[in-house]
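Engineer:
And the structure:
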C-alpha cells in the first residue's frame, strides 16, 4: 500500500493511524531481494521501521520478483527455491519478524493433488533444518481457485501443517480467500484456532477495506475474537493513489480498528 523503495515519511505517519506493525513485501523495499541484498541494508530498514514506532511483523509476496521459482518445478529450480526461502527466512528474522506468507509460486498444473502434497511435505522437511533456529514460520496462504491450484482452503492448509507437525509451518487466514472459498464461517476459525498465526484483512480487489461490500469485516473480527486470536491482523492492500497513498491506508486503518480490535458487542 506504500510507495515502493522510498516510504520513510509514510512509515512515520502509520502509528498515528493506530497501526503497530508492518508486513513487508521485499520487492517493494529492495530492487534486489536476493544476491545483492546485504545484511547492512536489512538492518538499516529495520531501524527505519522501528524508529517510526513500528515493528516488522513478517514478509509476504515472497516470490513476486522471482517468478521462475516455486514448488513443483525441476530439481535445479527446486534447489534454488529452497535457497531463496531460507534466505528470506533469515531476512525476516533480521528484520525482527516471524511470519512468511507463501502465496504465489505453487501452480501444480497436471501434477495430481496427492503428489503435489507429498512434494510440499518433502520440500519443507528439507527446508526446516535450515530455518528452525531463525524463529520464523511459513504459512501457505489458502487462496481461491482463480489464484492457485494448490491449497485452496484453510482446511487443506491445516492438514499440511498437521502432517508436518513443525513450528516453522503454521496457518494463515485471508479474508477475501475465506469468501472466495466459502469458508467465512465460525467452523473454519474454530478448526484452525490452535495453529492460526496470522490474518490478512483485505478486499477481493485489494482495495481499501470496507469499499467492496463483499467482505464482512465485522463478522471476521468477531470470529477471530471468538477463538481468542491474539496475533496480528494486517491490511493487505495495493497502492491505490500514488500521489497520496496514505489517504486510502487511513480508511482501511479505521475499518481495522473498528472491526478487528474493538471488543465484541
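Residue numbers (the working numbering): 63 to 327.
Ideal Cβ positions, reconstructed from N, Cα and C, are used throughout, including at glycine.
Bear in mind the structure is a predicted one, so any value in this text is a computation, not a measurement.
#1: What would DSSP say about residue 127, mapped onto helix, strand or coil?
#2: Where does residue 220 land, buried or exposed, given buried means 16+ other C-beta within 10 angstroms?
#3: Taking only three categories from DSSP, how would you classify residue 235?
#4: Taking C-beta to C-beta, are residue 293 and residue 261 nearer than 9 Å?
#5: Please report how far the alpha carbon of residue 104 lies from the alpha carbon of residue 194, in whole angstroms.
#6: In terms of DSSP beta bridges, what is residue 296 paired with?
#7: Grouping DSSP H, G and I as helix and E and B as strand, with all else coil, what is residue 143?
#8: Would you mind sorting residue 240 into buried or exposed? The rule is 16 or more other CB atoms within 10 Å of its CB.
#9: Take residue 314 and list the residues in its own chain whose beta-carbon comes closer than 7 Å to its own, dropping the five residues that flank it on each side.
#10: Which two residues bound the contiguous alpha helix (DSSP H) that contains residue 225?
#11: In its own chain, which residues sit with a C-beta less than 8 Å from the C-beta of residue 84, not counting the 5 before and 5 after it?
#12: Enumerate in chain order the residues of its own chain whose CB-to-CB distance from residue 144 is below 8 Å, with the five nearest sequence positions on each side excluded.
#13: Any chance the segment 275-284 sits against the segment 240-257, with 3 or more Cβ pairs inside 8 Å?
#14: If you draw a straight line from the alpha carbon of residue 163 to that of residue 226, how long is it in whole angstroms?
#15: Taking the C-alpha atoms as reference points, what is the distance between residue 253 and residue 305?
#16: Can you tell me where the beta strand (DSSP E) holding residue 202 begins and where it ends?
#17: If we count the other Cβ atoms within 10 Å of its Cβ and call it buried at 16 or more, is residue 236 buried or exposed?
#18: Would you identify the three-state DSSP class for residue 161, choosing helix, strand or coil?
#19: Note down, in chain order, each residue of its chain lying with its Cβ closer than 8 Å to the Cβ of residue 181, except the 5 sequence neighbours on either side.
#20: When the distance is taken between beta carbons, is residue 127 closer than 9 Å to residue 88?
#21: Just curious, the beta strand (DSSP E) that residue 85 is in, first and last residue?
#22: Just verifying my parser: in three-state terms, what is the DSSP assignment at residue 240?
#23: State the Cα-Cα distance for the pair residue 166 and residue 230, rounded to the nearest angstrom.
#24: Which residues in the same chain have their Cβ closer than 7 Å to the Cβ of residue 71, if we skip the five residues on either side of it in sequence?
#25: Excluding the 5 residues preceding and the 5 following residue 327 in the sequence, name in chain order all residues of the same chain whose CB lies nearer than 7 Å to its CB.
#26: On a Cα-Cα basis, can you pick out the residue from 67, 68, 79 that is closest to residue 309?
Structural biologist: Result, derived from the coordinates:
#1: coil
#2: It is buried - the Cβ of residue 220 has at least 16 other Cβ atoms within 10 Å.
#3: The answer is strand: DSSP assigns residue 235 an E or B state.
#4: The answer is yes: Cβ separation under 9 Å.
#5: Cα to Cα, the separation comes out at about 20 Å.
#6: 262
#7: Correct three-state label for residue 143: helix.
#8: It counts as buried.
#9: 270, 271, 297, 299
#10: 216-226
#11: 73, 76, 111, 116, 117, 118, 119
#12: 185, 188, 189, 192
#13: yes
#14: Residue 163 and residue 226: Cα-Cα distance of roughly 17 Å.
#15: 42 Å
#16: Looking at the DSSP string, the run of the beta strand (DSSP E) that includes residue 202 is 199-202.
#17: buried
#18: Of the three classes helix, strand and coil, the one that applies to residue 161 here is strand, per DSSP.
#19: 133, 134, 173
#20: yes
#21: Counting along the chain, residue 85 sits inside the beta strand (DSSP E) bounded by residues 83-86.
#22: helix
#23: 19 Å
#24: none
#25: Because residue 327 sits at a pLDDT of 41, beneath the cut-off of 50, its placement in the model cannot be relied upon, and the following sentence gives the value as read from the coordinates. So no residue of the chain qualifies.
#26: 79
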